[in-house]
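In what follows, a single structure is set out as structure tokens and then discussed.
Numbering (the UniProt record's numbering), first residue to last: 1 to 591.
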């Protein structure tokens with residue numbers, strides 16, 4: 001019910017009812033007034049006609065019984081008559097009810113009717129007289145005074161009045177009829193107004209439902225446009241609006257998808273900021289970058305981006321200027337470009353394009369270091385080759401023994417250069433993913449044991465004890481490229497022997513660890529400084545720059561070792577304590 005009252009149907013229905021009710025109210029008042037006036041006029045006319053008839057039949061000289069009988073016949077039940085000779089003498093009266101004498105006296109002696117005895121014009125007045133139906137109560141009567149004449153002399157007057165209850169009863173009946181008619185008209189109007197308002201608002205309600213469908217994104221729904229009036233034109237406009245909305249949304253979605261695809265496919269991070277520096281939009285690289293910053297910064301700050309970035313953002317939002325900078329944040333390098341976003345003439349935010357140049361910077365540094373290291377590694381043997389060969393050519397050598405020593409040095413340095421070039425080529429192929437593994441199922445313990453005992457003689461030459469230990473079954477099979485794994489163990493054991501002092505111990509051990517063969521090469525040598533541990537697997541990196549060349553190292557062995565282990569889907573780690581020893585551990589998946 002409340003919903004109908006607040007709907008347009010209820011409002012239109014209520015408006016029509018109020019309007020009709022007001023019209024009916026005014027009409028009822030007017031009709032009641034008119035009917036009351038009509039009843040009074042009819043009563044007055046009836047009294048006049050009856051009085052004229054009485055006057056016409058009255059014998060002015062004397063009233064007899066026959067005249068009285070005729071007069072009684074002319075009177076109705078509610079009509080009372082007085083025939084008076086003057087204001088003091090009543091010739092004849094027919095009255096009903098109580099207080100007859102009092103009513104009679106007041107009528108014939110009323111100053112209102114004094115002229116009726118002397119004129120020939122009847123007088124009609126409304127007088128307040130004692131009620132002829134109830135004691136001690138007054139009522140309003142319509143009283144007619146009609147003169148009686150005899151030639152030139154007036155002999156009296158006929159006074160007629162009606163019981164006011166009869167007039168009131170007539171008025172009540174008339175009022176009842178009027179109210180019944182008004183009630184019927186109101187009911188009919190209510191029904192008619194409801195159906196009319198429902199009929200008028202039916203297209204509007206359909207438009208409302210259509211609008212809700214449009215709001216839900218169902219643009220294919222259409223309205224019937226059978227009407228040719230304004231509502232029909234509105235329905236046509238609604239259908240056109242739905243088609244236009246569908247078209248524009250499709251265009252917007254296409255542009256949004258294109259923009260999303262562009263942002264997603266970009267390798268650079270793109271972040272859109274609001275005026276208050278909150279993040280509005282970010283692509284997947286930006287999400288990863290924000291996560292990285294959060295992990296790096298921890299819970300120390302509620303700001304999602306570094307402080308240096310906020311300073312740049314403040315500058316762009318304050319001065320509405322594009323800004324491009326390269327920043328070093330922690331151990332990372334970024335190229336940042338921030339441009340303002342406008343809404344009309346006012347700035348509403350900024351868009352930042354961030355390129356992580358950490359790897360690029362590292363590669364550049366690695367490239368420069370590589371060139372420097374190669375140049376450094378080749379410069380010494382080339383210088384020695386050039387120096388000794390010039391000494392031989394110039395005849396500086398005095399004895400054959402010295403000549404043979406110089407030739408031996410030239411041979412050793414050329415071999416070292418050959419090893420360096422070979423290692424460089426191997427490492428380049430591995431890092432480019434061109435290394436081919438020839439795997440075969442081999443018994444792990446016997447293979448590692450054989451590879452270890454190849455260095456027994458070398459360990460004795462350095463006065464180092466070489467030990468082999470195993471805690472897995474002799475029948476354990478592992479799929480590996482035996483030559484490549486031998487290259488790994490050769491590098492690790494050779495390094496361990498070379499960097500272990502006399503009477504030291506180098507241990508090769510095998511254990512099983514969660515489906516992997518865990519192979520450890522540990523020594524009791526001088527160890528590696530903690531600052532150098534993260535870089536030991538980088539090419540040309542040497543913890544002790546002075547000792548390696550004297551011991552024949554090129555700085556590429558551990559880099560090659562790491563690539564071989566990872567090619568076998570394994571991993572290699574190193575732990576070391578200075579002056580206590582170093583342990584290299586690599587895991588290989590078992591079959």
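All C-beta atoms, glycine included, are put in the ideal place defined by N, C-alpha and C. These numbers come from a predicted model, not from an experiment.
Listed in chain order, the non-local C-beta contacts of residue 413 below 6 angstroms within the same chain comprise 381, 384 and 385, local neighbours out to five positions each way being set aside. DSSP places residue 118 outside both helix and strand once states are collapsed to three, so it counts as coil.
Note on geometry: alpha-carbon atoms of residue 408 and residue 306 lie some 60 angstroms from one another. Here residue 472 has 444, 445, 510, 511, 512 and 517 as same chain residues with Cβ atoms under 8 angstroms from its own Cβ, once five neighbours each way along the sequence are excluded. Between residue 347 and residue 268, the C-beta spacing is not below 8 angstroms. With fewer than 16 neighbouring CB atoms inside 10 Å of its own CB, residue 18 falls in the exposed class. Assignment of beta-bridge partners to residue 513 by DSSP yields 516.
In the structure shown, residue 275 adopts coil according to DSSP, grouped into three states. When only Cα atoms are considered, residue 319 and residue 560 end up about 53 angstroms apart.
In the DSSP assignment, residue 557 falls within the alpha helix (DSSP H) that extends over 557-567. In this structure, residue 583 lies away from residue 538, with their beta-carbon atoms at least 8 angstroms apart. In the displayed model, residue 141 falls within a strand according to three-state DSSP. Here DSSP, grouped into helix, strand and coil, assigns residue 443 to strand. Take residue 580, set aside five residues on each side of it, and the residues of its chain with a beta-carbon closer than 8 angstroms to its own are 524 and 527, in chain order. In this structure, the straight-line span from the alpha carbon of residue 277 to that of residue 313 is close to 8 angstroms.
Residues of the same chain with a CB within less than 6 angstroms of the CB of residue 573, apart from the 5 flanking positions on each side, are 585 in chain order. In the structure shown, the three-state DSSP call for residue 477 is strand. Counting only residues of its own chain and dropping the five nearest sequence neighbours on each side, residue 13 has a CB closer than 6 angstroms to the CB of 193, 194 and 197.
In this model, residue 116 and residue 100 are separated by some 21 angstroms (Cα to Cα). In the displayed model, residue 388 falls within a helix according to three-state DSSP. Between residue 30 and residue 75, the alpha-carbon positions lie close to 32 angstroms from each other. Three or more Cβ pairs closer than 8 angstroms define a contact, and the stretch 211-231 falls short of that threshold against the stretch 37-57.
Note on the stretch 44-78: whole alpha helix (DSSP H) runs with a minimum of 4 residues are 65-74, in chain order.
Membership of residue 135 in any alpha helix (DSSP H) is not indicated, and neither H nor E is assigned to it by DSSP. Of the other Cβ atoms in all chains shown, fewer than 16 fall within 10 Å of the Cβ of residue 45; this residue is therefore exposed.
Taking the CA atoms as reference points, residue 270 sits about 51 angstroms from residue 498. If you compare the alpha carbons of 229, 159 and 367 with that of residue 49, the shortest gap goes to 159. In the structure shown, the three-state DSSP call for residue 37 is helix.
C-alpha of residue 243 to C-alpha of residue 274: approximately 33 angstroms in a straight line.
The C-beta distance from residue 491 to residue 558 rounds to 7 angstroms, short enough to meet the 8 angstroms contact threshold.
Following the DSSP letters along the chain, one finds residue 578 in no alpha helix (DSSP H), marked with neither H nor E. Residue range 332-343 is occupied by the beta strand (DSSP E) that includes residue 333. Within the same chain, and ignoring the five residues on either side of residue 507 in sequence, the residues whose Cβ sits closer than 7 angstroms to its Cβ are 467, 469 and 522. Counting along the chain, residue 104 sits inside the alpha helix (DSSP H) bounded by residues 100-108. Under DSSP, residue 146 forms a beta bridge with 158. Straight across, the Cα-Cα distance linking residue 214 with residue 251 is about 17 angstroms.
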